[in-house]
Amino acid sequence: MSRLARFLAPFALIALLLAAWEVACRALNVAPYLLPPPSAIATALAADWAGLLVSAWNTLFMALIALLVASLVAQAMALAVGLSPILERAVRPLAVVLQVTPVVAIAPLVLIWAGLDHAGRAIIALAAVVAFFPIFS
-3 MSRLARFLAP
7 FALIALLLAA
17 WEVACRALNV
27 APYLLPPPSA
37 IATALAADWA
47 GLLVSAWNTL
57 FMALIALLVA
67 SLVAQAMALA
77 VGLSPILERA
87 VRPLAVVLQV
97 TPVVAIAPLV
107 LIWAGLDHAG
117 RAIIALAAVV
127 AFFPIFS
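Counting along the sequence shown from 1, when you hit position 105 you're at 101 in the numbering used here, and nothing is skipped either side.
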């Protein structure tokens, strides 16, 4: 297979899948609120690109803050646990319990603790919890 064909193969597959999706939505008369065709999605993206850009920036900003918080806390805890066997025996079981608890289960508690009018804080806290364990381990 030529170098150009290897490069273009993924794009051709994506174009084929999008075309099949478009044709299926039109031919089967699927309601747009259930499964909009790619052309409707592209139109909506083009119509509100500025709002989506602002939302993407806000999401990136919150994710980076959560990663920073998770990194600082996880590295400090990993250092402390690594230096103290007693602390390791105390912290490790709690960390395991928190790690295996689904985020969906603790989300309402975090939202209440952060304040119902501060959803951004709750999102950052939950994202930090998700990012904490790979760093702590």
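Idealized CB from N, CA, C, for every residue including glycine. A quick note: this is a predicted structure, and the numbers were derived from the prediction, not measured.
Between residue i and residue j, is the Cβ-Cβ spacing less than 8 Å?
i, j, result
"alanine 124", "alanine 66", "yes"
"alanine 70", "isoleucine 120", "no"
"methionine 58", "glycine 116", "yes"
"valine 106", "alanine 91", "no"
"leucine 48", "leucine 56", "no"
"tryptophan 17", "proline 34", "yes"
"valine 126", "valine 96", "no"
Rounded to a whole number of angstroms, what is the C-alpha to C-alpha distance between residue i and residue j?
i, j, result
"alanine 20", "alanine 8", "18 Å"
"leucine 83", "valine 77", "6 Å"
"leucine 122", "tryptophan 109", "12 Å"
"leucine 12", "aspartate 44", "26 Å"
"histidine 114", "alanine 103", "13 Å"
"isoleucine 10", "valine 50", "27 Å"
"phenylalanine 129", "leucine 79", "18 Å"
"alanine 5", "alanine 27", "31 Å"
"leucine 30", "alanine 46", "25 Å"
Excluding sequence positions up to five away, which residues of its chain have a Cβ less than 8 Å from the Cβ of residue i?
i, result
"isoleucine 131", "Ala66, Ser67, Ala70, Gln71, Ala74"
"arginine 88", "Val77"
Would you say residue i faces chain C, with C-beta separation under 8 Å as the test?
i, result
"leucine 4", "Any reference to chain C falls outside this structure, which holds one protein chain only."
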